[in-house]
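Reviewing the structure listed below.
2 protein chains.
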Amino acid sequence: MQLGNGDGNITTIYEVAELAGVSVATASRALNNTGYVSKEARSRVLEAARRLNYHINVNARSLTSGKTYTIALVLPDVTNPFFPAVARGVEDAASRKGYSVILCNTDGSPRKEADYLNMLRSRRVDGIVFTTSELPGARISSIIGDSSAVVLVDRDLDEPYDIVKTDNVKGGFLATSHLISLGHTRIAVISGPLSLTTGMERLQGYRDALGQAGIPFDESLVVEGDFRQEGGRAAMERLIEQCRGRPSAKLSAVFACNDLMAVGALTALEEHEIAVPSEVAIVGYDDIALASVTRPRLSTVAQPKYEMGVLAAEMLLRRMANPNLPRQQEVLQPMLVIRDSTLERRSRCG
Amino acid sequence: MQLGNGDGNITTIYEVAELAGVSVATASRALNNTGYVSKEARSRVLEAARRLNYHINVNARSLTSGKTYTIALVLPDVTNPFFPAVARGVEDAASRKGYSVILCNTDGSPRKEADYLNMLRSRRVDGIVFTTSELPGARISSIIGDSSAVVLVDRDLDEPYDIVKTDNVKGGFLATSHLISLGHTRIAVISGPLSLTTGMERLQGYRDALGQAGIPFDESLVVEGDFRQEGGRAAMERLIEQCRGRPSAKLSAVFACNDLMAVGALTALEEHEIAVPSEVAIVGYDDIALASVTRPRLSTVAQPKYEMGVLAAEMLLRRMANPNLPRQQEVLQPMLVIRDSTLERRSRCG
DNA sequence: CGAAGATATGTAACCGGCTACAGATAGCAA
DNA sequence: TTGCTATCTGTAGCCGGTTACATATCTTCG
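Going down the list, the protein sequences come from chains A and E. Under our numbering, read the first sequence as residues 172 to 521, first letter to last. Under our numbering, read the second sequence as residues 172 to 521, first letter to last.
Given below as C-alpha cells:
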C-alpha cells in the first residue's frame with residue numbers, strides 16, 4: 172500500500188489547484204516555474220500534484236502552445252536492417268530533448284507516404300524525419316505546408332529541405348576502387364533503384380572509379396536491383412546467365428549497392444558453386460549486422476547509421492527552433508570495411 | 172500552380188465554417204458525418220475545407236473525446252533484430268485502425284521504462300504495447316493507472332495485463348529434443364537472463380526435454396547469458412574453458428536461448444577451431460534474419476514475430492474498446508527450423 | 001387544422017491547459 | 001506621507017474542436 176495514489180482517475184490542474192487552495196493560474200505557474208509564485212503556494216501546489224498523481228495533459232497544452240513535442244520518423248520499413256539503427260538514433264536524440272517520435276512505415280509507396288503526411292499534419296507534429304521514395308518535394312510541401320519542419324535522411328530532393336546523408340558517390344567509389352586495387356577489371360554492379368538518388372549516386376561512384384582507372388564502362392555489367400535480398404539474388408542470376416552465354420562477358424567481381432542485395436547475390440553464387448572470393452569477389456554497402464556473419468564475411472562500405480539518425484533529429488530540432496535558418500546539409504563519410512568477400516583477382520564466371 | 176493551397180497557414184474549423192457560411196456546429200457535423208446536415212450545407216463545408224486545405228487538429232479533438240488515437244510501443248531496443256518485425260506488426264495493425272504509434276527504447280532500464288510511462292501518461296496515449304524487463308506489474312499500474320490499456324509482449328507478469336507470447340517452454344523443449352534426437356546427451360545451455368520469464372521458460376523447456384529423455388540435468392552445463400551477441404560469445408568461452416579443464420564435462424551440443432547469443436557462440440567456437448556442427452551442434456532461438464546467413468546456417472526455433480506484433484496491437488484495441496473484458500492471453504506456437512548447425516552426435520570438446 | 005416527428009441550424013458551454021490583465025500587498029525611496 | 005516597483009494572486013478569455021440544448025421549418029397524420 173503506497174501513498175501516491177495510483178488509481179488511474181485522471182486529474183486536472185483544477186483539482187490540483189483546489190486541493191492546494193489556489194487558483195489554476197497559480198497552480199500552472201507553480202508547476203511550470205513561470206511568473207511569480209510564493210514559496211508556500213508553490214510547495215502546496217507541488218504537494219497537491221504529488222498527492223493526486225497529477226500528470227499534465229500535453230494535448231491540452233499543445234492547444235495553447237502550438238507545439239506538440241512530437242516528431243515523426245517516416246521510412247520505408249523498419250524491418251529493413253538499415254533503418255533500426257537510424258530509428259534508434261532519432262529516438263535517442265529526440266527523447267533527450269523531450270520529444271516523442273511516431274513511427275511510420277510507408278513501404279516506399281507514394282500513396283502511403285501521402286496518407287501519413289496528411290495524418291501527421293492533423294497531429295500537428297513539430298517535425299518530420301523523412302526517408303521518402305518517390306514523392307516529389309513539391310508534393311511533400313503541398314501536403315504538410317510549413318506546419319512542420321522536415322529533414323530528409325539518405326535522400327535528396329530538389330525541394331529545399333534539410334538533408335542528412337552519406338557521400339554515396341564516394342562510397343561507390345571506395346567500393347569499386349577497392350576491387351580495382353585488387354586487380355579486378357570486369358566488375359559488375361547490382362545497383363539500387365535508379366529512381367532514388369541513393370541508387371544513382373553509388374552507381375556514379377562506380378563509374379568514377381572505373382574512369383579514374385581507365386577501365387571502360389560496360390553497360391552490360393550493370394543490373395538494376397531493388398535494395399532487397401531477393402532482388403540481389405535475381406540480379407546475380409541474370410549476371411551469371413548472361414555471362415554464360417557470352418564468355419566475353421566474364422566478370423570477376425561484383426559491387427552490390429547494399430548488403431541485402433549482396434547477401435542475395437552470395438546465395439546465387441553459392442548455388443552455382445561459384446566460389447567467393449576466389450572466383451568472384453563481392454562488396455556490399457551499409458554494413459548491416461548481417462554483413463559480419465555471412466561466410467565469407469562481407470566486405471562492405473559502412474554508413475554511420477546511428478549517427479545519421481542522431482544528426483537528423485538534432486538538425487530537425489534546430490530547424491524547428493529557427494525556421495529561417497539557411498538550408499542545412501550534413502554529408503557524412505562512408506568507410507570501407509574489408510572482410511573476406513574480396514580477394515585478389517582470378518577471373519572466371521559461372 | 173495548384174488550386175488547393177499549400178501555404179502551411181493552419182486553418183481552423185471556424186474559418187471553414189465562415190467560408191461555407193455556416194456555424195461551426197454545422198461544419199463539425201458535416202466534416203464528421205454526424206447529426207443532421209442538409210446536402211447543400213455539407214457540400215459547401217466540404218468544398219470550403221478542400222479550398223482551405225483544412226486538416227483537423229486531433230489534439231484539440233482529443234480534449235473533448237478523451238481519445239488520442241495514439242498507442243505506444245515500449246521495448247528494450249529496436250536495434251535488437253527481434254524487435255523490428257514486432258514493431259512493424261504493431262504499426263501495421265494500429266495504422267489500419269487509424270492509430271499512430273510512438274516508439275520508445277528503454278534499453279531494459281527500469282528507470283527509463285518508468286520515465287517513458289510517465290511521459291506516455293501525460294500524452295494520454297490510449298494504449299501501450301510493452302516489452303518490459305524488470306519493472307514489476309504493480310509499479311506499471313501505479314504509474315499509468317488505468318489511463319491507458321496495456322498489452323505485454325513476450326513477457327509475463329503477475330499483474331493482470333493482457334499478454335501475447337509464444338510458448339517458450341515448448342520452444343526450449345523443441346530445441347533440446349531436436350538435439351537429443353540427433354543423439355546428443357551432453358547439451359549445454361546458454362540461457363537468457365533468468366530474471367525474465369522468457370529466459371526462465373526456455374530453460375524449463377530444456378529441462379523438460381532432458382527429463383523426458385532420462386538425461387540427468389547437469390548444473391554445470393548451464394551458463395546464464397544476456398540475450399546479446401557478446402554475452403553469447405563470453406558464455407561459450409566459459410563452456411569451452413570449463414570443458415578443457417574437466418574432460419568429463421565434454422559437451423557435444425549447445426542450445427543458445429536466442430540467435431544473437433548463438434551467433435556469438437559460433438564466433439567463439441570458430442576461434443577455437445571447433446567445427447560446427449560436426450564437433451559441436453548448436454541451436455538458436457528467434458529465427459532472426461542473421462540465422463539464415465551464418466555459416467553454417469543456424470538451426471533455430473522460430474517465433475512468429477510479425478504476427479506477435481499484429482496480435483498485440485489488435486488485442487490492445489480490443490481492450491481499449493472494452494476495459495472490462497476478462498484478461499486476454501494469446502500463446503503462439505514456436506517452430507523448429509532445422510538448418511546446418513545441427514547434426515548427428517560426435518562428442519568432443521574444445 | 002393542430003400536434004407530433006423528422007430535419008436543419010445556431011448558440012454557448014465545455015474539454016484542460018495557459019496567460020493577459022487587473023487588483024492587492026509589501027518594500028522602499030523621495 | 002506619497003509614489004513607484006516588485007511580488008503575488010485570481011478572473012476570465014482563448015486555443016480548436018464537440019455537442020447538449022434551443023429554435024425553426026417542413027412533413028405527415030389523426
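All residues carry an ideal CB built from backbone N, CA and C; glycine is no exception. Owing to the predicted nature of the structure, the values given are computational and were not obtained by experimental measurement.
>> Please tell me whether Ser304 of chain A and Gly279 of chain A are closer than 9 Å, where the distance is taken between their beta carbons.
In response: In this structure, Gly279 of chain A lies closer than 9 Å to Ser304 of chain A by Cβ.
> Is any beta-carbon of chain E found at less than 9 Å from that of Val360 of chain A?
Replying inline: no
> Taking buried to mean at least 16 other C-beta atoms within 10 Å of its own C-beta, is Gln383 of chain E buried or exposed?
Replying inline: exposed
>> For the region 389-415 of chain A, list every residue whose C-beta sits within 7 Å of some C-beta in chain E, in sequence order.
In response: none
>> Whether or not the region 251-266 of chain A and the region 181-198 of chain E are in contact is what I'm after, with contact meaning three or more pairs of Cβ atoms, one per stretch, closer than 8 Å; do they touch?
In response: no
>> Whole angstroms are fine: how far does the CA of Leu410 of chain E sit from the CA of Ser518 of chain E?
In response: Reliability fails at Ser518 of chain E, whose pLDDT of 49 lies under 50, so the model's placement of it is uncertain and no value is given.
>> Looking at Asp325 of chain A: is its Cβ nearer than 9 Å to the Cβ of Lys336 of chain A?
In response: yes
> In terms of DSSP beta bridges, what is Val272 of chain A paired with?
Replying inline: A:Ile242, E:Leu274
> If Leu350 of chain A sits next to Ala452 of chain A, beta carbons under 8 Å apart, how far is it from one beta carbon to the other, in whole angstroms?
Replying inline: Contact between Leu350 of chain A and Ala452 of chain A holds: their C-beta atoms lie close to 6 Å from each other, under 8 Å.
> For the region 333-374 of chain A, which segments carrying the alpha helix (DSSP H) assignment without a break, of at least 4 residues, lie completely within its bounds, in sequence order?
Replying inline: 339-352
>> For the beta strand (DSSP E) containing Gln500 of chain A, name the first residue and the last one.
In response: 500-503
>> Counting only Cβ pairs nearer than 8 Å, list the residues of chain E close to Glu485 of chain A.
In response: Simply none; closest approach about 17 Å.
>> For a test of the three-state rule: what should DSSP assign to Ala446 of chain E, helix, strand or coil?
In response: Correct three-state label for Ala446 of chain E: coil.
>> So, with DSSP's three-state summary, where would you put Tyr456 of chain E?
In response: strand
> Got a sec? Which residues, its chain only, sit under 7 Å from Arg378 of chain A by beta carbon, not counting five neighbours each side?
Replying inline: Phe388
> Nearest to Gly269 of chain A by alpha carbon, out of A:Glu501, A:Glu485, A:Asn495, A:Asn339?
Replying inline: A:Glu485
> Could you give the C-beta distance for Leu461 of chain A and Ser512 of chain A, rounded to a whole number, given that I count them as a contact under 8 Å?
Replying inline: Actually they do not touch by this definition, with Cβ atoms about 12 Å apart.
> Leu234 of chain A versus chain E: which residues are under 9 Å apart at the beta carbon?
Replying inline: Asn228, Asn230, Ala231, Leu234
> What is the rounded straight-line gap between the Cα of Val481 of chain E and the Cα of Arg489 of chain E?
Replying inline: 12 Å
> Three or more C-beta pairs closer than 8 Å, one from the region 424-435 of chain A and one from the region 358-375 of chain A: is that the case here?
Replying inline: By the criterion of at least three beta-carbon pairs nearer than 8 Å, the region 424-435 of chain A is in contact with the region 358-375 of chain A.
> Is the region 197-217 of chain A touching the region 244-261 of chain A, taking contact as three or more C-beta pairs under 8 Å?
Replying inline: no
>> Just to confirm before moving on: does the CB-CB distance between Val464 of chain E and Val322 of chain A stay below 9 Å?
In response: no
> How about Asn276 of chain E: is its C-beta nearer than 9 Å to some C-beta of chain A?
Replying inline: yes
>> Any beta carbon of chain A sitting closer than 9 Å to that of Ile273 of chain E?
In response: It does; some Cβ of chain A falls within 9 Å.
> Can you tell which of A:Ile184, A:Asn230, A:Arg200, A:Asp457 has the C-alpha that lies nearest to the C-alpha of Gly363 of chain A?
Replying inline: A:Asp457
> Are the region 242-251 of chain E and the region 218-228 of chain E in contact at 8 Å, needing three or more beta carbon pairs?
Replying inline: The region 242-251 of chain E makes no contact with the region 218-228 of chain E: fewer than 3 CB pairs, one atom from each, lie closer than 8 Å.
> Relative to chain A, which residues along the region 181-214 of chain E have a C-beta separation below 9 Å, given in chain order?
Replying inline: If the cut-off is 9 Å between Cβ atoms, the region 181-214 of chain E has Ile181 near chain A.
> With a Cβ-Cβ cutoff of 9 Å, do Thr302 of chain A and Asp327 of chain A count as a contact?
Replying inline: no
> Quick one: Cα of Lys238 of chain E to Cα of Val296 of chain E, how far?
Replying inline: Those two C-alpha atoms are separated by around 8 Å.
>> Restricting to Cα atoms, I'd like to know which of A:Leu514, A:Leu190, A:Arg415, A:Glu189 is closest to Pro448 of chain A.
In response: Nearest of A:Leu514, A:Leu190, A:Arg415, A:Glu189 to Pro448 of chain A, Cα basis: A:Leu514.
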